[in-house]
């Protein structure tokens, strides 16, 4: 059973209209009827009583409506929480830098970074340029900031 089925049932009962439920879910009225029949078959009970163009909800239908509303709220809350976690940045960031950058340029950037990502624990290590390169290469630091590029010998 799919979450959409619970939404269709809820929308049908709340709007009291097959056509409105169909419109809300971008499906046909026939598809709404099929979903309701599938629910009734799955739970082996009548959920609504059809009379001409009207219907009424059965006690079992009321129970399913309450459960559907709870399921849909939980599903929406889960989606919100997962989105929040996906966009949440946390952890540790180790920056290796030379004194000239670490004391003069880095503080402004760090202030903004910490405001933007308060859950990230930032630590700064002051090293000589050659040690900054070694620290990043060894994985001891995540970021290295130096005043000039390393010289490569051919």
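In my numbering, the protein residues as written are 802 to 955.
Just so you know, even glycine gets a beta-carbon here, dropped at the ideal spot from N, CA and C.
Q) What whole-angstrom Cβ distance do residue 897 and residue 937 have, given they're in contact under 8 Å? A) 6 Å between Cβ atoms; contact.
**Q.** Where residue 851 sits in the DSSP three-state scheme
**A.** For residue 851, the secondary structure class from DSSP, reduced to helix, strand or coil, is strand.
Q) Measuring CA to CA, which of 950, 934, 931 and 812 is closest to residue 867? A) Closest option to residue 867, judged by alpha-carbon separation, among 950, 934, 931 and 812: 812.
(Q) Could you compute how far the alpha carbon of residue 912 sits from the alpha carbon of residue 834? (A) Roughly 58 Å between the two C-alpha positions.
Q: Quick one: using the 10 Å Cβ neighbour count with 16 as the cut-off for buried, is residue 942 buried or exposed?
A: So residue 942 counts as buried.
(Q) Threshold first: 4 residues or longer. Then list the alpha helix (DSSP H) segments lying entirely within the segment 876-953, N to C. (A) Restricted to the segment 876-953, the alpha helix (DSSP H) segments that are unbroken, complete and at least 4 residues in length are 900-905, 907-917 and 930-939, listed in chain order.
Q | residue 831 classed as buried or exposed, judged by whether at least 16 other C-beta atoms fall within 10 angstroms | A | Using a 10 angstroms sphere on the CB of residue 831, the tally of other CB atoms stays under 16, which defines it as exposed.
Q | C-alpha gap between residue 895 and residue 916, whole angstroms | A | Cα to Cα, the separation comes out at about 17 Å.
Q: Could you tell me whether the Cβ atoms of residue 873 and residue 862 are closer together than 7 Å?
A: Contact: no.
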